[in-house]
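Asks:
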C-alpha cells in the first residue's frame, strides 16, 4: 500500500553481488537489487578482476583460521569454508542451505565454529535460540527474528535432531516467509535472506531437512576436548579485521565469476542451484572436496528412507504388484509372524503402532505421504478404488502407469509374471 516507497529486499552488511555477478561495493540503497548496504566501503578491498592465483591466496588465508579445528574429513573442512562463503554473500543469494555443526562430545568447538562463521555475515554477535519443539512456536520465532532482518539465526546445543517443521523448511527453500503477526490481526511477509546455523552432539538433519542442511562434522580426536589449548583466537581475529577476511571470501567468489564459471563435476542440489554455482563450484574449482558431500550422506541415511525401503521390500514379498488396501496389509501384519509377513509386521508396527495397536489411519497417511518416493528402485503408487477402498501397490522404476492403471504384473501359480498391455487412448484399465 506504500507505492511511494521503494521495495526493500534486504540489508547487506558488506559488499554484495548483483545478479550479473558484479560487486556492489557502495553503501546505501541500490535500486537494481533492492538492497540497502550498511557498511564502510573503505574497509573492504576486493580486486576488480581477481584470477585463480588470487583466489588460492585468499583461500589460504581463510584456511589458516580453521587449522586448530578437528574436522572429521576433508569434505567437512570444505563444508566449513562453504558456510563462510555463504555468510559473506548471503544477501546476494536467493536461497541458501542451513549449516549444522556436529560432534561426538561436548567442548569440541561447535559453538565456536558457529561464531566464526557468523562473523562473516555481520559485525554483531548473533543471538542463540533454543530449537523449537512445536510448529507454531517455530513459526513465531522465525517471523520475529526475520522481521528484525538479523544476519544470523543460531540454534545452539541441540538435544534432538533437526525436525522438519513446515515453517523452517519454508524459510530455507522460499525467498519470502508469510505468517500472522503475534497479537495482531495482520499477515506480514518478510525476506528470508538470513544465515541459519545450528550445533549439537550427535544430532542430525532428518527427513525433509536432510536436503536443506550442510553438516560439518568435528572430531577433536581426544578424550577431553575441554582441556585442549589453542594458539590462536580466530573469532576475535575476524571480528577485529572483518573487512579483510570478508574481502578474502568475496575474492574467491569473484575470481570464479571472472574466470567464466568454469564447469565443475558436482551433483545437482534441488532448490540451491545458485548456491552451488557461487559457493560449491568455486571451492571445488580450487581443489577442495565437494562441500555438499554431507547433504547426500544425510539423505541416504535418513531414517524415513530406511523405513520406507523396508516397507517396500516387505510389501512386495507379501503382495507382489497386486493393488492392496491398507486394511489387508495390517491384517496380514497382525495375523502372521513367520517369513515375509514377519518382516511386514515389524515395519508396519514401526510406522503406526500406538499403545500396542496398529493405527490404520496413521499407517495409511504414512504410505500416502511417501507415495512416488523411490528407494532401491521401488515406490508406492496409488491404484484405482474398488468398494470405496483405496489400494496401493509397489512398482519398479521401469514400470509405467497408464491412466488409472497401476498393476503391470499378474499373479500366476504364486509367482509374479509381467503382463504386456495394449490400451486404447483414454481408456480406464484394470488387470486382475
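In this note's numbering, the protein residues as written are 6 to 437. Don't be surprised by glycine CBs; every beta carbon is placed ideally from N, CA and C.
Hey, how far is the Cα of residue 244 from the Cα of residue 127?
Replies: Rounded to whole angstroms, residue 244 to residue 127 spans 9 angstroms at the Cα level.
Asks: Report buried or exposed for residue 20, applying the criterion of at least 16 other Cβ atoms within 10 angstroms of its Cβ.
Replies: Burial call: buried.
Asks: Have a look at residue 267 and residue 380 and give me their C-alpha separation to the nearest angstrom.
Replies: Residue 267 and residue 380: Cα-Cα distance of roughly 33 angstroms.
Asks: Which whole-angstrom value is the C-beta distance of residue 271 and residue 295, which I expect to be below 8 angstroms?
Replies: Contact holds; Cβ gap of about 5 angstroms.
Asks: Quick one: what's got a C-beta closer than 6 angstroms to residue 81's C-beta in the same chain, skipping five residues either side?
Replies: Once the five neighbours on either side are set aside, the close Cβ partners of residue 81 are 221 and 222.
Asks: Taking the straight line between their C-alpha atoms, what separation do you get for residue 52 and residue 315?
Replies: Whole-angstrom Cα-Cα distance: 54 angstroms.
Asks: Please classify residue 196 as buried or exposed, where buried requires at least 16 other C-beta atoms within 10 Å of its C-beta.
Replies: Buried, because 16 or more other Cβ atoms sit within 10 Å of the Cβ of residue 196.
Asks: Can you give, in chain order, each stretch of the alpha helix (DSSP H) that sits fully within the region 72–156 and has at least 4 residues?
Replies: Segments of the alpha helix (DSSP H) lying fully in the region 72–156: 79–94, 115–124 and 140–152.
Asks: In whole angstroms, what is the alpha-carbon distance linking residue 408 and residue 387?
Replies: Confidence in residue 408 is poor, its pLDDT being 39 and thus under 50, which makes the residue's placement unreliable; the coordinate value appears in the next sentence. Rounded to whole angstroms, residue 408 to residue 387 spans 11 angstroms at the Cα level.
Asks: For the region 315–360, list the alpha helix (DSSP H) runs that are entirely contained and at least 4 residues long, ordered along the chain.
Replies: Runs found: 331–340 and 344–357.
Asks: Which whole-angstrom value is the C-beta distance of residue 83 and residue 274, which I expect to be below 8 angstroms?
Replies: That pair is no contact at about 14 angstroms.
Asks: Given residue 394, which residues of its chain have a CB within under 6 angstroms of its CB, disregarding the five upstream and five downstream residues?
Replies: These residues qualify, in order along the chain: 330.
Asks: Which residue comes first and which comes last in the beta strand (DSSP E) that contains residue 173?
Replies: Where residue 173 is concerned, there is no enclosing beta strand (DSSP E), although the alpha helix (DSSP H) it sits in stretches over 171–178.
Asks: So, under 8 angstroms CB-CB, residue 399 and residue 326 are touching, yes? Tell me the CB distance rounded to an integer number of Å.
Replies: Right, the Cβ-Cβ distance comes to about 7 angstroms (below 8 angstroms), so this counts as a contact.
Asks: May I have the straight-line CA-CA distance separating residue 264 from residue 25, to the nearest angstrom?
Replies: Roughly 14 angstroms between the two C-alpha positions.
Asks: For residue 8, count the other beta carbons within 10 Å of its own beta carbon; 16 or more makes it buried, fewer makes it exposed. Which is it?
Replies: By the 10 Å Cβ count, residue 8 comes out exposed.
Asks: Using DSSP's beta-bridge definition, name the partner residues of residue 206.
Replies: For residue 206, which the question treats as bridged, DSSP gives the partners 108.
Asks: Could you round the C-beta distance between residue 203 and residue 160 to whole angstroms and report it? I think they count as a contact, below 8 angstroms.
Replies: Going by Cβ atoms, the distance from residue 203 to residue 160 rounds to 4 angstroms, so yes, they are a contact pair.
Asks: Does the Cβ of residue 185 have 16 or more other Cβ atoms within 10 Å, making it buried, or fewer, making it exposed?
Replies: By the 10 Å Cβ count, residue 185 comes out exposed.
Asks: By DSSP, does residue 288 sit in helix, in strand, or in coil?
Replies: Reduced to three states, the DSSP call for residue 288 is helix.
Asks: Can you find the residues in the same chain that come closer than 8 angstroms, C-beta to C-beta, to residue 94, ignoring five residues on each side of it along the sequence?
Replies: These residues qualify, in order along the chain: 21, 22, 254, 255, 258, 283 and 284.
Asks: So who's on the other strand from residue 184, going by DSSP bridges?
Replies: Paired residues: 193.
Asks: Please classify residue 13: is it buried, with 16 or more other beta-carbons within 10 angstroms of its beta-carbon, or exposed?
Replies: Exposed, because fewer than 16 other Cβ atoms sit within 10 Å of the Cβ of residue 13.
Asks: Count the CB pairs spanning the region 170–188 and the region 229–238 that are closer than 8 angstroms, and state whether there are at least three.
Replies: No, they do not touch.
Asks: Throw me the rounded Cβ distance for the residue 260 and residue 59 pair, which I believe falls under 8 angstroms.
Replies: Right, their Cβ atoms sit about 6 angstroms apart.
Asks: With DSSP as the reference, identify every bridge partner of residue 379, one or two as the case may be.
Replies: According to DSSP, residue 379 bridges with nothing at all.
Asks: If I follow the unbroken alpha helix (DSSP H) through residue 374, where does it start and stop?
Replies: First-last of the alpha helix (DSSP H) with residue 374: 365–374.
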